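Participant:
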Amino acid sequence: MINNVDRVGSLLQATLVELIDLAQQGKQAHWNVVGPRFLPVHQQLDTLVDDVRLGADEVAERAVAVGYRPDGRSATVAKETPLSELPAGSLADVDVVREITDRLRNVADSVRARVNQLDDLDPVTQDLLIGLTATLDKHAWMFGAQLN
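Residue numbers for the sequence shown follow full-length UniProt numbering, so the first one is 1 and each next one is one higher.
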């Protein structure tokens, strides 16, 4: 078992909060996107949300496996998320792509920083977050490619 459960758990908790918020914001954008690229963006958001929710589940289950109790309650996520809130109402497809790309890059950068902090703490958790970073980077690239 790992030596520093609280440190590893806090890194997993921070990741969990970001992923839950990112998934929820992805759904909010999915429901409210409008514009000429509505359908592909709408569908791409569903794929993103599915991948992020899966990642959140894996992160939470890893936290439990190492002896830490994850907290994914909406009040906790709202209080702890570093992500800015999406505007309410209809969102133009280009704005959705820009906003989601920014959030993906921010979360990927945060997770990448946690990977480095896990170097001597827990290589299994580090591996999980490396894989998650790859998924976030892929989605950031796919959304960001639409801005060029």
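Even for Gly, the Cβ is constructed at its ideal location relative to N, Cα and C.
None of these values were measured; they are calculated from a predicted model.
Which of the three DSSP states, helix, strand or coil, is assigned to L86?
Facilitator: One-based indexing of the sequence shown puts residue 86 at position 86. Three-state DSSP puts L86 in coil, outside helix and strand.
Participant: How long is the line joining the alpha carbons of E61 and L129, rounded to whole angstroms?
Facilitator: Taking the first residue of the sequence shown as position 1, residue 61 is located at position 61. Taking the first residue of the sequence shown as position 1, residue 129 is located at position 129. C-alpha separation (whole angstroms): 13 Å.
Participant: Verify whether the separation of the beta carbon atoms of V52 and G26 is less than 9 Å.
Facilitator: Your numbering for residue 52 matches position 52 in the sequence shown. Your numbering for residue 26 matches position 26 in the sequence shown. Yes, the pair counts as a contact, with Cβ atoms nearer than the cut-off.
Participant: Below 8 Å on the Cβ atoms is my contact criterion, and I expect G9 with L132 to pass it. Report the Cβ-Cβ distance as a whole number of Å.
Facilitator: Numbered from its first residue, the sequence shown carries residue 9 at position 9. Numbered from its first residue, the sequence shown carries residue 132 at position 132. Actually they are not in contact, since the Cβ atoms of G9 and L132 sit about 16 Å apart, beyond 8 Å.
Participant: Would you grab the beta carbon distance between V77 and D6 for me? Rounded to a whole angstrom, and I think it's under 8 Å.
Facilitator: Within the sequence shown, residue 77 is the residue found at index 77, counting from 1. Within the sequence shown, residue 6 is the residue found at index 6, counting from 1. That pair is no contact at about 20 Å.
Participant: Only counting runs of 3 or more residues, tell me where the beta strand (DSSP E) segments fall wholly within the UniProt domain "Ferritin/DPS" (11-148), in order along the chain.
Facilitator: For the UniProt domain "Ferritin/DPS" (11-148), not a single whole beta strand (DSSP E) run of length 3 or above is found.
Participant: Flag this pair as yes or no: are the beta carbons of E99 and A29 separated by less than 9 Å?
Facilitator: Position 99 of the sequence shown holds residue 99. Position 29 of the sequence shown holds residue 29. Going by C-beta atoms, E99 is nearer than 9 Å to A29.
Participant: CA-CA distance, Q44 and A23?
Facilitator: Residue numbering aside, residue 44 sits at position 44 when the sequence shown is read from its first letter. Residue numbering aside, residue 23 sits at position 23 when the sequence shown is read from its first letter. Approximately 12 Å, taken between the alpha carbons.
Participant: Rounded to whole angstroms, what is the Cα-Cα separation between L79 and N148?
Facilitator: Mapped onto the sequence shown, residue 79 falls at position 79. Mapped onto the sequence shown, residue 148 falls at position 148. What sits at residue 79 in the sequence shown is Lys, not Leu. Between K79 and N148, the C-alpha separation is close to 34 Å.
Participant: Under 7 Å Cβ to Cβ from D46, same chain only, skipping five residues before and after it: list those, please.
Facilitator: Along the sequence shown, read from residue 1 onward, the residue named residue 46 stands at position 46. Cβ within range, chain order: H30.
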